[in-house]
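Asks:
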Amino acid sequence: MHATPCLYGTTHERTHTAMIHVLDEIVLAPGQLPDVLDLLESRYLPGSAARGLTLLHRWVSPPVALPDAPNTLWLLWQVPDAPAYYAMRAGIDSPALAFWSTVGSLCESRRRHVMAAATPALPQPKEHGHAP
């Protein structure tokens with residue numbers, strides 16, 4: 809199978825370049841992981857697909873429950889492209905807001921990393937000073 813050439817590279821390159829991955833890094837005090845996973849299943853996942861957000865993986869580090877050390881929960885999400893990412897953020901609903909509020913009270917810290925394929929020429933906003 810040959811990739812179809814296009815203005816911005818092959819169809820395969822264009823598709824994978826447009827894909828946005830979101831990696832949530834949530835540092836949890838010992839014993840909090842089961843509660844956060846339960847909240848994820850009951851409050852966040854039911855509405856995530858409607859917002860265009862797909863959970864690809866979830867990991868925990870270290871992979872053991874230590875009584876005196878935190879666990880970091882990593883959630884890897886996917887959205888089709890930058891416009892879908894901003895639509896997902898704009899479409900956040902009450903259950904999702906409640907989830908993040910509760911997680912914020914249960915975790916030691918959290919960060920969200922928004923990533924795309926590394927290419928020599930990153931997409932530029934259509935207007936100077938505005939996000940795509």
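All the letters of the sequence shown, read from the start, carry residue numbers 809 to 940 under our numbering.
All C-beta atoms in this analysis are idealised placements derived from N, C-alpha and C, irrespective of residue type, glycine included.
Keep in mind that this is a model prediction, so the values were computed, not measured.
Since L914 and V844 are thought to touch, with beta carbons under 8 Å apart, how far apart are those beta carbons, to the nearest angstrom?
Replies: 6 Å
Asks: Among L836, R919, Q932, whose alpha-carbon lies nearest the alpha-carbon of A890?
Replies: Comparing Cα positions, the closest option is Q932.
Asks: By Cβ distance, which residues of its chain are closer than 8 Å to M923, with the 5 residues on each side in sequence left out?
Replies: I828, H829, V830, L831
Asks: The beta strand (DSSP E) spanning V868 covers which residue range?
Replies: 862-869
Asks: Can at least three beta-carbon pairs, one atom from the region 859-878 and one from the region 889-903, be found at a separation below 8 Å?
Replies: yes
Asks: Within a Cβ cutoff of 7 Å, which residues of the same chain sit near L853, ignoring the five residues on either side of it in sequence?
Replies: L863
Asks: Where does M827 sit, in a helix, a strand or coil, going by DSSP?
Replies: coil
Asks: Quick check on T927: does DSSP put it in helix, strand or coil?
Replies: coil
Asks: So what's H921 in DSSP terms, helix, strand or just coil?
Replies: strand
Asks: Work out the CA separation of S856 and W885 for me, nearest whole Å.
Replies: 10 Å
Asks: Could you please give the first and the last residue of the uninterrupted alpha helix (DSSP H) stretch that includes V911?
Replies: 902-914
Asks: Less than 6 Å between C-beta atoms, sequence neighbours within five positions excluded: which residues of the same chain meet that for R919?
Replies: Once the five neighbours on either side are set aside, the close Cβ partners of R919 are E833.
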